[in-house]
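A short worksheet on the structure shown next.
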Amino acid sequence: SQQGEEDPQALSIQEGENATMNCSYKTSINNLQWYRQNSGRGLVHLILIRSNEREKHSGRLRVTLDTSKKSSSLLITASRAADTASYFCATDAGYGNKLVFGAGTILRVKS
Amino acid sequence: DVKVTQSSRYLVKRTGEKVFLECVQDMDHENMFWYRQDPGLGLRLIYFSYDVKMKEKGDIPEGYSVSREKKERFSLILESASTNQTSMYLCASSLSNWGFSGANVLTFGAGSRLTVL
Numbered sequence: 003s004q005q006g007e008e009d010p011q012a013l014s015i016q017e018g019e020n021a022t023m024n025c026s027y028k029t030s031i032n033n034l035q036w037y038r039q040n041s042g043r044g045l046v047h048l049i050l051i052r053s054n055e056r057e058k059h060s061g062r063l064r065v066t067l068d069t070s071k072k073s074s075s076l077l078i079t080a081s082r083a084a085d086t087a088s089y090f091c092a093t094d095a096g097y098g099n100k101l102v103f104g105a106g107t108i109l110r111v112k113s
Numbered sequence: 013d014v015k016v017t018q019s020s021r022y023l024v025k026r027t028g029e030k031v032f033l034e035c036v037q038d039m040d041h042e043n044m045f046w047y048r049q050d051p052g053l054g055l056r057l058i059y060f061s062y063d064v065k066m067k068e069k070g071d072i073p074e075g076y077s078v079s080r081e082k083k084e085r086f087s088l089i090l091e092s093a094s095t096n097q098t099s100m101y102l103c104a105s106s107l108s109n110w111g112f113s114g115a116n117v118l119t120f121g122a123g124s125r126l127t128v129l
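Quick mapping for you: the protein sequence lines, in order, are chains A and B.
Note that this note's numbering gives residue 52 to position 50 of the first sequence, counting from 1, and the numbers run on in steps of one.
Note that this note's numbering gives residue 43 to position 31 of the second sequence, counting from 1, and the numbers run on in steps of one.
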């Protein structure tokens, strides 16, 4: 079952611009995570936000979480060509040790 | 610095063949997972294991089985490969997250792209 759904499906921006990706989910969660996947490779964990947190920063990444709307956003500031990748949100309901992933957003940063 | 290793990056098999996908992690993680990734569908969980010799079905276990004889190794088995099992297979591992303070952060392997002809 797919819990998280990312929006948009694809995003193309110029280097230096900000990129915003959104994730909506359906059930209560313990935490929400964002992962990046470079083409043809495995996923890499970027950032985790817990259900009692509203905003979190890591370098050029900013994640927000609105549990009342069951949604999260990932902002990448001052994007670089190296940020070109697919980005996935994953929800952790806190039981069963399972993460459920969305379909992902494909980000292309043009130099 | 590789932490989760998948034995094969690319495999080509014929319909009906038995296929083994191997995954090894060196982080002493309790949990291990197999996902398949298809365009537009994201990652779907096939099987996972939270301890040696333990396994749990994920969302799409049909046509697959798994084996975890040692803590560091989790194998995915396709008993009789079919063309609809052509996909990217991703193995991941994590520490146990029992308790509120835990968080199930996954470390992924590089993936195994399987083509079934």
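All C-beta atoms in this analysis are idealised placements derived from N, C-alpha and C, irrespective of residue type, glycine included.
All values derive from a computational prediction rather than experimental measurement.
Taking C-beta atoms as the reference points, A:T86 and A:R64 fail to come closer than 9 Å. For A:M23, the enclosing beta strand (DSSP E) has its first and last residue at 21 to 26.
Distance check between B:D71 and each of B:V16, B:W46, B:E29, B:A104 places B:W46 closest, using alpha-carbon atoms only. DSSP places A:Q16 in the strand class (E or B) of the three-state scheme.
Any Cβ of chain A closer than 9 Å to the Cβ of B:V78 would place that residue at the interface, and such an atom is absent. Taking a Cβ-Cβ cut-off of 9 Å, the neighbours of B:A122 in chain A comprise G42, R43, G44, given in sequence order. In the structure shown, A:Q39 adopts extended strand secondary structure according to DSSP, grouped into three states. Rounded to the nearest angstrom, the gap between the Cα atoms of A:L67 and A:N40 is 24 Å.
The way I'd put it, the segment 17 to 34 of chain B doesn't touch the segment 11 to 27 of chain A; fewer than three beta-carbon pairs between them come closer than 8 Å. Secondary-structure assignment with DSSP links B:Q18 through a beta bridge to B:C35. For A:K58, the beta-bridge partners assigned by DSSP are A:V65.
The beta carbon of B:L107 lies closer than 6 Å to those of H41 in the same chain, with the five residues before and after it left out. In the three-state scheme derived from DSSP, where H, G and I count as helix and E and B as strand, B:D40 is classed as coil. For A:A12, not one C-beta of chain B is nearer than 9 Å to its own C-beta. Residue nearest to B:M39 within the set B:T127, B:S77, B:E84 is B:E84 (criterion: CA-CA distance).
For A:T107, the enclosing beta strand (DSSP E) covers residues 107 to 112.
In this structure, B:S79 places its C-beta atom within 9 Å of the C-beta atom of B:F86. Beta-carbon to beta-carbon, A:Y89 and A:R43 are separated by about 13 Å, too far to satisfy the 8 Å threshold. Within its own chain, the residues whose Cβ lies closer than 6 Å to the Cβ of B:R125, once the five positions on either side in sequence are excluded, are Y22, M100, listed in chain order.
Shown here, A:T29 sits in coil according to DSSP, grouped into three states, outside any helix or strand.
Under a 10 Å Cβ-count criterion, B:F120 is classified as buried, with 16 or more other Cβ atoms of the shown protein chains found around its own Cβ. Looking at the backbone, the Cα of B:I58 and that of B:N96 are separated by about 14 Å. Around the beta carbon of A:L34, a 10 Å sphere encloses 16 or more other beta carbons of the protein chains shown; the residue is thus reported as buried. For A:L67, no CB of chain B lies under 9 Å from its own CB, so it is not counted at the interface with that chain. Counted as a single uninterrupted DSSP element, the beta strand (DSSP E) harbouring B:S77 occupies residues 77 to 82.
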